[in-house]
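Report on the structure given below.
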Amino acid sequence: MNGIFRSRRFFSLLTVLLFFSFNLFSEETALPEDTALPEDTALPEEAGTGIDSEKTPEAGEKSITFNAINFLRDILYDKYPFRVDFGAEPHRHGSMVFGSVDYDWSDSFSQRFRLEYDHYLISTNSSGKLSNQEVRSVSLTPFPVVFYFGDGDIKSKERFTQFNIGLYFNYSITTTDSGSFFSLSEDDDVWEKIGLDDSSDQSVSGFLINNAEQKYTIIGPAFGYSLNIPIHKYISATIEGFIVPAYIVNLTTESETTYHVSGEYGVQKAPKSSVDFRSLSYPIARQTLALDFFRYIRIKANMTYQHLDLRAINIEDTEVESYSQHTITLRYGGELIKPANTRKKSSHLWAGLYYEMSWVKSYIQDVYSSEYNGKWVLCFGT
Numbered sequence: 005m006n007g008i009f010r011s012r013r014f015f016s017l018l019t020v021l022l023f024f025s026f027n028l029f030s031e032e033t034a035l036p037e038d039t040a041l042p043e044d045t046a047l048p049e050e051a052g053t054g055i056d057s058e059k060t061p062e063a064g065e066k067s068i069t070f071n072a073i074n075f076l077r078d079i080l081y082d083k084y085p086f087r088v089d090f091g092a093e094p095h096r097h098g099s100m101v102f103g104s105v106d107y108d109w110s111d112s113f114s115q116r117f118r119l120e121y122d123h124y125l126i127s128t129n130s131s132g133k134l135s136n137q138e139v140r141s142v143s144l145t146p147f148p149v150v151f152y153f154g155d156g157d158i159k160s161k162e163r164f165t166q167f168n169i170g171l172y173f174n175y176s177i178t179t180t181d182s183g184s185f186f187s188l189s190e191d192d193d194v195w196e197k198i199g200l201d202d203s204s205d206q207s208v209s210g211f212l213i214n215n216a217e218q219k220y221t222i223i224g225p226a227f228g229y230s231l232n233i234p235i236h237k238y239i240s241a242t243i244e245g246f247i248v249p250a251y252i253v254n255l256t257t258e259s260e261t262t263y264h265v266s267g268e269y270g271v272q273k274a275p276k277s278s279v280d281f282r283s284l285s286y287p288i289a290r291q292t293l294a295l296d297f298f299r300y301i302r303i304k305a306n307m308t309y310q311h312l313d314l315r316a317i318n319i320e321d322t323e324v325e326s327y328s329q330h331t332i333t334l335r336y337g338g339e340l341i342k343p344a345n346t347r348k349k350s351s352h353l354w355a356g357l358y359y360e361m362s363w364v365k366s367y368i369q370d371v372y373s374s375e376y377n378g379k380w381v382l383c384f385g386t
C-alpha cells in the first residue's frame, strides 16, 4: 500500500511540475475568456511570480522579450541615463575614430569618458629624397565630474550650461623612413661615425637610409565647458571650450642611418642616436562656435592651439638641448544633423564637411622653421 501511495504522490507531483512548466515557457500567458477561475485561485502576482497583472498580455499576444536592436535604438535616442556618441574622420591614408560614454546620475550631475584613436600615413617624394611617415595616436579623456546648469529639454528657451573636470592623456608613436643621395668630402665628420678611412682625398657618394622612431606622452588636467543659447525659435548658438592649462610631456627619439657607399666601402652603419626630452609645457586649448538653423543645419568653426616647450635631459651624440613648437589649427564648415532629444547631446546623427588649415612653427635651438598645410575634412558620427 505504501508503494502505491508513493507512486500516486510521485505522479501527482510530476503532473503539477509539467503544468507549471508548460505555463512558464508557453508564449500565451492568458487563459481563454470563457475560462472561470475558482475564487481561491491565486493570480500570478499573488503567487510570487513578479508579473504585474495589469501589464500581462491579452490572449493571443506574445510575451515581451529582449531585443538588442530596440535597446541600442533607445540608447541612441536618450531613453536611458546611459548615452553613447561615436564617429569617424577618414584621412587620405588613414582615419581617426572617436567615441564617448556618458552616464547621468541625476539631472545635474554626470560622468563621461572619451577615447580617440588616430592612424595615418604621409609620403613625400621630392627630387633626390623619399620619405614615408606613419603616425599612431591614442587620446583618453575621463571626466569624472560633469555638471549641468539649466533645463536640458531641447525645446527650452533658457540657457543650458555644462562644466567638465577631468584628465587628458595622449600617447603617440611616429615612425619615419627616409632615403636620399649623399656626397661626402674629406672634411665631413660622418667619416669617423661610419668608420671609413678619411685619409683619401677623393670624395665618396651613395644613398643613405634613415630610420627614426619618435614617442611622446602627454598628461595633464583638463577642463571643458559648453554653453547653449537659444536665439530664436529656429536658431540657437553653442559655445564650447576645452583646455589643458599645463601638462607634462615626455618625448623620446631614436634614429639609425645606413650608408650605401659606392666603390670599395660598401654598406656602412652609423651608431644609433637618441634624444630624451621631458618638460612642463602649456597650454592645449580649443574653442568652438556653432550656429544651428532650423535644427537640421549647423555652421561650425573651431580653433586649436598647442605649445610644446621641451628641455633635453639625456643626449647621446647630439647637441640639441631645446625644442619649442607652436601649432595652430583652424577648421570651419557645415554639418547636417538630426536633432537630439536633450541638450546634453549635440545630435543623434550628423555629417560634416570642413576646410582645415594648420600652421606649425618650430624652434630647434637657434634654428627656426615654419610649415603650412590646408585640406578638406569629412567627418560623421552619432
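Per the working numbering, numbering through the sequence shown is continuous, rising by one, with the last residue being 386. Heads up, the beta-carbon is just placed ideally off N, CA and C, and yes, glycines get one too.
Rounded separation between residue i and residue j - CA only
i: residue 257; j: residue 340; result: 42 Å
i: residue 270; j: residue 184; result: 16 Å
i: residue 93; j: residue 384; result: 7 Å
i: residue 286; j: residue 213; result: 35 Å
i: residue 367; j: residue 294; result: 34 Å
i: residue 124; j: residue 149; result: 33 Å
i: residue 311; j: residue 331; result: 6 Å
i: residue 291; j: residue 240; result: 17 Å
i: residue 280; j: residue 259; result: 12 Å
i: residue 333; j: residue 374; result: 14 Å
i: residue 226; j: residue 272; result: 48 Å
i: residue 137; j: residue 218; result: 11 Å
i: residue 122; j: residue 166; result: 27 Å
i: residue 289; j: residue 229; result: 12 Å
i: residue 305; j: residue 362; result: 14 Å
i: residue 245; j: residue 342; result: 23 Å
i: residue 151; j: residue 211; result: 59 Å
i: residue 133; j: residue 98; result: 23 Å
i: residue 186; j: residue 386; result: 51 Å
Nearest-angstrom beta carbon gap, residue j and residue i [assumed within contact, 8 Å]
i: residue 176; j: residue 141; result: 4 Å
i: residue 96; j: residue 168; result: Rounded, the Cβ-Cβ distance is 32 Å, inconsistent with contact.
i: residue 87; j: residue 106; result: 4 Å
i: residue 309; j: residue 337; result: About 19 Å; that fails the 8 Å criterion.
i: residue 135; j: residue 180; result: 7 Å
i: residue 253; j: residue 283; result: 6 Å
i: residue 102; j: residue 119; result: 7 Å
i: residue 381; j: residue 329; result: Wrong, their Cβ atoms sit about 22 Å apart, outside the cutoff.
Residue environment, residue i, which counts as buried when at least 16 other CB atoms sit within 10 Å
i: residue 263; result: buried
i: residue 349; result: buried
i: residue 372; result: exposed
i: residue 50; result: A caution first: residue 50 carries a pLDDT of 44, below 50, which makes its placement in the model unreliable, though a value can still be read off. Exposed, because fewer than 16 other Cβ atoms sit within 10 Å of the Cβ of residue 50.
i: residue 129; result: exposed
i: residue 314; result: buried
i: residue 391; result: Absent from the structure is residue 391, since the part of the chain shown begins at 5 and ends at 386.
i: residue 2; result: Missing from the structure shown is residue 2; the chain here goes from 5 to 386 and no further.
i: residue 379; result: exposed
i: residue 238; result: exposed
i: residue 82; result: buried
i: residue 232; result: buried
i: residue 327; result: buried
i: residue 220; result: buried
i: residue 370; result: exposed
i: residue 109; result: exposed
i: residue 255; result: buried
i: residue 75; result: exposed
i: residue 147; result: buried
Residue-level contact to chain C via CB, residue i, 8 Å cutoff
i: residue 264; result: The chain labelled as chain C is not found in the depicted structure, where only one protein chain is given.
Three-way DSSP call (helix, strand, coil) for residue i in this model
i: residue 72; result: helix
i: residue 82; result: coil
i: residue 347; result: coil
i: residue 77; result: helix
i: residue 276; result: coil
i: residue 304; result: strand
i: residue 110; result: coil
i: residue 181; result: strand
i: residue 376; result: strand
i: residue 261; result: strand
i: residue 283; result: strand
i: residue 163; result: coil
i: residue 386; result: coil
i: residue 270; result: strand
i: residue 170; result: strand
i: residue 156; result: coil
The beta strand (DSSP E) enclosing residue i, as first and last residue numbers
i: residue 118; result: 113–130
i: residue 96; result: Note, residue 96: premise wrong, no beta strand (DSSP E); not H, not E.
i: residue 296; result: 288–297
i: residue 368; result: 353–368
i: residue 326; result: 326–342
i: residue 146; result: 133–153
i: residue 243; result: 239–248
i: residue 221; result: 208–236
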